[in-house]
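The block underneath contains the structure these notes are about, expressed in C-alpha coordinates.
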Amino acid sequence: MRAVVDALWEGLHENGVSWVGFYLPEGEAELVLGPSRNKPACSPIGLHGVCGQAFTQRRPMIVRDVRELGQNY
(Lines of atoms letter the chains of each structure in order from A and count residues from 1; the text may use other names and numbers.)
(Lines give C-alpha, C1' and ligand atoms only; values in the text may rest on other atoms or scores of the structure.)
Protein backbone atom coordinates (compact mmCIF):
# COMPACT_ATOMS: atom_id res chain seq x y z
CA MET A 1 0.00 0.00 0.00
CA ARG A 2 2.85 2.39 0.79
CA ALA A 3 4.31 1.93 -2.70
CA VAL A 4 0.92 2.66 -4.29
CA VAL A 5 0.46 5.79 -2.17
CA ASP A 6 3.95 7.03 -3.04
CA ALA A 7 3.47 6.39 -6.77
CA LEU A 8 0.07 8.11 -6.82
CA TRP A 9 1.41 11.07 -4.86
CA GLU A 10 4.39 11.51 -7.16
CA GLY A 11 2.14 11.42 -10.21
CA LEU A 12 -0.70 13.59 -8.92
CA HIS A 13 0.39 16.14 -6.32
CA GLU A 14 1.53 18.71 -8.88
CA ASN A 15 -1.95 18.58 -10.45
CA GLY A 16 -3.75 19.83 -7.36
CA VAL A 17 -4.29 16.57 -5.47
CA SER A 18 -3.78 17.40 -1.79
CA TRP A 19 -3.95 13.92 -0.22
CA VAL A 20 -3.60 10.27 -1.20
CA GLY A 21 -4.10 7.37 1.17
CA PHE A 22 -5.96 4.38 2.48
CA TYR A 23 -8.36 3.88 5.35
CA LEU A 24 -8.51 0.40 6.84
CA PRO A 25 -11.43 -1.23 8.69
CA GLU A 26 -11.16 -1.55 12.44
CA GLY A 27 -14.08 -3.29 14.07
CA GLU A 28 -17.51 -2.89 12.54
CA ALA A 29 -18.08 0.82 12.92
CA GLU A 30 -14.98 2.73 11.88
CA LEU A 31 -12.01 3.08 9.57
CA VAL A 32 -8.49 4.02 10.67
CA LEU A 33 -5.83 5.79 8.67
CA GLY A 34 -3.37 3.54 6.85
CA PRO A 35 -0.52 4.60 4.53
CA SER A 36 -1.04 8.16 3.26
CA ARG A 37 0.62 11.30 1.95
CA ASN A 38 0.59 14.55 2.38
CA LYS A 39 -1.60 16.29 4.92
CA PRO A 40 -2.69 14.38 8.03
CA ALA A 41 -6.22 13.06 7.83
CA CYS A 42 -8.81 12.34 10.50
CA SER A 43 -8.60 8.95 12.15
CA PRO A 44 -10.66 7.07 13.09
CA ILE A 45 -13.67 7.94 10.96
CA GLY A 46 -17.20 6.54 11.03
CA LEU A 47 -18.87 4.75 8.16
CA HIS A 48 -21.41 7.51 7.37
CA GLY A 49 -19.21 9.66 5.08
CA VAL A 50 -17.79 9.07 1.61
CA CYS A 51 -15.05 6.70 2.77
CA GLY A 52 -17.50 4.73 4.86
CA GLN A 53 -19.98 4.52 1.97
CA ALA A 54 -17.27 3.25 -0.36
CA PHE A 55 -16.31 0.62 2.20
CA THR A 56 -19.82 -0.57 3.04
CA GLN A 57 -20.96 -0.55 -0.61
CA ARG A 58 -17.70 -2.18 -1.75
CA ARG A 59 -17.19 0.26 -4.62
CA PRO A 60 -14.94 3.20 -5.42
CA MET A 61 -16.31 6.69 -5.07
CA ILE A 62 -14.71 9.54 -6.97
CA VAL A 63 -15.14 13.00 -5.49
CA ARG A 64 -13.80 15.72 -7.74
CA ASP A 65 -14.05 18.49 -5.13
CA VAL A 66 -14.70 17.57 -1.50
CA ARG A 67 -15.67 21.17 -0.74
CA GLU A 68 -18.93 20.49 -2.59
CA LEU A 69 -19.85 17.90 0.06
CA GLY A 70 -20.23 20.52 2.80
CA GLN A 71 -18.25 22.02 5.62
CA ASN A 72 -17.53 18.69 7.34
CA TYR A 73 -15.21 17.78 4.48
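Heads up: the sequence shown begins at 1 in our numbering, then just goes up one per residue.
Backbone N, C-alpha and C define an ideal beta-carbon position, used for all residues, glycine too.
Distance between beta carbons of residue j and residue i, contact taken as under 8 Å
i, j, result
"ALA41", "TRP9", "That pair is no contact at about 13 Å."
"THR32", "TYR23", "Correcting the residue identity first, residue 32 is Val in this sequence and not Thr. Yes, VAL32 and TYR23 are in contact; Cβ-Cβ is about 7 Å, under 8 Å."
"PRO35", "MET1", "5 Å"
First through last residue of the alpha helix (DSSP H) which encompasses residue i
i, result
"GLU10", "2 to 12"
Assigned exposure category for residue i - 16 Cβ within 10 Å defines buried
i, result
"GLY21", "buried"
Short Cβ contact (7 Å threshold) for residue i with residue j
i, j, result
"VAL5", "ARG37", "yes"
Opening and closing residue of the beta strand (DSSP E) in which residue i lies
i, result
"VAL63", "VAL63 -> no beta strand (DSSP E), and no H or E assigned at all."
"LEU33", "30 to 38"
Is it the case that the segment 45 to 62 contacts the segment 20 to 32, given that we only count it when at least three CB pairs across the two stretches are under 8 Å? yes
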